[in-house]
Every structure is written in structure tokens, then in C-alpha cells.
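Chemist: Sharing a structure with you now.
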Amino acid sequence: YFKEEIVPVPVQSREGTIYITEDEEPKRVKFDKISHLKPAFDSSGTVTAANASKINDGAAALVLMSEEKAKELGLTPMAQIKAQASYAQAPEWFTTAPATVIQKLLQKTGLTKEDIDLFEINEAFSVVSLAVKQILDLDMSKVDVHGGAVALGHPIGASGARILTTLLYAMKQRNSHRGIAAICIGGGEATGILVER
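Right, here's the structure in full:
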């Protein structure tokens with residue numbers, strides 16, 4: 335799924351130059367160990383290393399321009415930004431903030447959740463996508479269709495661009511029309527974007 339969205343990166347090693355061409359995170363999971371992991375924050379808690387995103391290295395870049403500039407350069411945009419929204423609430427409820435951001439995006443555009451083909455919701459923890467799904471009653475077959483940050487990792491500082499890039503390529507692969515990317519931010523905040531192809 336990710337070949338188109340990954341740019342090969344040359345790395346010098348003792349054996350010479352090697353190229354990083356794929357995400358290593360999905361290959362590192364050890365399914366037999368998951369049920370034995372201890373809770374991360376509270377001995378009676380449910381968050382473990384298996385259902386929390388891994389903080390990892392990564393970079394992402396987006397090229398944004400006006401429709402006029404794209405035409406002038408002879409470029410075909412992957413999508414058009416239709417709306418952006420931000421939201422903040424009490425810090426301890428950061429996991430549910432993306433739900434309100436998605437509601438704000440739908441209100442701004444006059445659309446319903448049924449009008450959206452795909453949702454990319456950054457999951458710092460698995461509970462983020464699950465909470466948003468429950469609050470908004472989303473069809474999970476439309477959410478994080480290539481796996482979220484728990485599967486792919488959370489490159490702090492690049493996660494917003496990463497989830498939008500993953501959303502755009504998932505939309506391209508499925509010939510989808512509309513998508514929403516939303517991400518929670520420490521401190522109870524969230525931001526999101528609605529795009530159309």
C-alpha cells in the first residue's frame with residue numbers, strides 16, 4: 335500500500351549505501367507477546383506497548399498551492415482542501431477531541447459522515463479511533479484503512495503530514511472522492527482537514 339508514498343532514502347552503512355524503501359514498523363510486531371504485555375501507565379490499565387503508537391523516526395512533506403498555480407505549472411493536484419478545523423478541550427480528554435474536529439468539518443461543509451469515503455484518524459493510542467468511532471458512529475471499514483499509527487508508528491512532528499499523505503494515497507487507490515484526516519494533540523487539542531479529489 336505504501337510504495338507510492340515512500341521516497342527511497344540512501345543510508346551509508348559499513349557495507350555501502352543501502353536504501354530505505356519501506357516502513358519497518360509492521361514487520362517488528364511479535365503477535366505471541368501481545369497478550370503478555372504489562373499496562374504502561376497504571377497496573378490496572380489497558381494501555382500497553384501493543385495498543386499505543388510507537389514513537390519513531392520519519393519525515394513527511396506536502397506541497398500546497400493554489401489551483402491557479404497548479405494549472406500554470408501543468409500539475410494535477412492529488413486533492414483540494416475543502417475545510418480545516420481545530421478544537422481544544424480539557425487535556426485529559428485529548429483522545430476524544432478528533433470527534434469534535436470531524437463534526438466541525440462536516441458542519442462547515444454541510445456534509446454528513448456518510449458523504450465521507452475515508453477517515454484517517456491518528457491513533458496515539460488505539461482508544462482514539464475507537465472513541466471517535468463510537469462518538470460519531472463511524473463505519474470502521476472507512477477508518478485507517480491501511481492501519482493507523484499503532485501499526486505504522488508516530489513520527490512526532492511529521493504525523494499530521496503523514497496521515498494526510500496516507501489518506502490521499504488510500505483515496506487514490508480506491509478512487510474515493512472525499513476524505514477527512516484528524517489528529518489529537520497533547521493538551522486536549524485536535525486538528526483536522528477535509529479534502530476532495
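Position in the sequence shown (from 1) plus 334 gives the number in the working numbering. Every residue, glycine too, gets a C-beta built ideally from N, C-alpha and C.
1. Of the residues 416, 527, 395 and 402, which one's Cα is nearest the Cα of residue 492?
2. Just the C-alpha distance for residue 441 and residue 525, rounded to the nearest angstrom, thanks.
3. Rounded to whole angstroms, what is the Cα-Cα separation between residue 362 and residue 402?
4. Output yes or no for whether 7 Å exceeds the beta carbon distance between residue 515 and residue 501.
5. Determine the contact status of residue 484 and residue 387, defining contact as a CB-CB distance below 7 Å.
6. Are residue 423 and residue 494 closer than 7 Å when you measure CB to CB?
7. In whole angstroms, give me the CA-to-CA distance for residue 499 and residue 406.
8. Exposed or buried, which one is residue 466 when buried takes at least 16 other CB atoms within 10 Å?
9. Going by CA-CA distance only, name the one from 409, 451 and 445 that's closest to residue 507.
10. Measure the alpha-carbon distance for residue 410 versus residue 468 and round it to whole angstroms.
11. Taking all protein chains shown into account, do 16 or more other C-beta atoms lie within 10 angstroms of the C-beta of residue 478, making it buried, or fewer, making it exposed?
12. So who's on the other strand from residue 422, going by DSSP bridges?
13. Can you give the Cα-Cα distance for residue 460 and residue 343, rounded to whole angstroms?
14. Which whole-angstrom value describes the C-beta separation of residue 392 and residue 487, a residue pair presumed to lie in contact below a C-beta threshold of 8 Å?
Modeler: For this structure:
1. Counting from 1 along the sequence shown, the entry for residue 492 is found at position 158. The alpha carbon of residue 492 has as its nearest neighbour, out of 416, 527, 395 and 402, the alpha carbon of 395.
2. Position 107 of the sequence shown holds residue 441. Position 191 of the sequence shown holds residue 525. About 15 Å.
3. Your numbering for residue 362 matches position 28 in the sequence shown. Your numbering for residue 402 matches position 68 in the sequence shown. If I take the Cα positions, the gap works out to 44 Å.
4. Taking the sequence shown and counting its residues from 1, the one referred to as residue 515 is at position 181. Taking the sequence shown and counting its residues from 1, the one referred to as residue 501 is at position 167. Yes, they are a contact pair.
5. To locate residue 484, count along the sequence shown from 1; it is residue 150. To locate residue 387, count along the sequence shown from 1; it is residue 53. The answer is yes: Cβ separation under 7 Å.
6. Locating residue 423 in the sequence shown gives position 89, counting from the first residue. Locating residue 494 in the sequence shown gives position 160, counting from the first residue. Pairing residue 423 with residue 494 gives a Cβ-Cβ distance that is not under 7 Å.
7. Counted from its first residue, the sequence shown places residue 499 at position 165. Counted from its first residue, the sequence shown places residue 406 at position 72. About 23 Å.
8. Working through the sequence shown from its first residue, we reach residue 466 at position 132. Burial of residue 466 is indicated by the presence of at least 16 other C-beta atoms within 10 angstroms of its C-beta.
9. Position 173 of the sequence shown holds residue 507. Looking at the Cα atoms, 451 is the closest of the given residues.
10. Counting from one through the sequence shown, the residue named residue 410 turns up at place 76. Counting from one through the sequence shown, the residue named residue 468 turns up at place 134. Rounded to the nearest whole angstrom, the C-alpha separation of residue 410 and residue 468 is 36 Å.
11. One-based indexing of the sequence shown puts residue 478 at position 144. Classification for residue 478: buried.
12. In the sequence shown, the residue the question calls residue 422 occupies position 88. According to DSSP, residue 422 shares a beta bridge with 523.
13. By 1-based counting over the sequence shown, the position of residue 460 is 126. By 1-based counting over the sequence shown, the position of residue 343 is 9. If you take the alpha carbons of residue 460 and residue 343, they lie about 29 Å apart.
14. Taking the sequence shown and counting its residues from 1, one reaches residue 392 at position 58. Taking the sequence shown and counting its residues from 1, one reaches residue 487 at position 153. About 7 Å separates the two Cβ atoms, so the contact holds.
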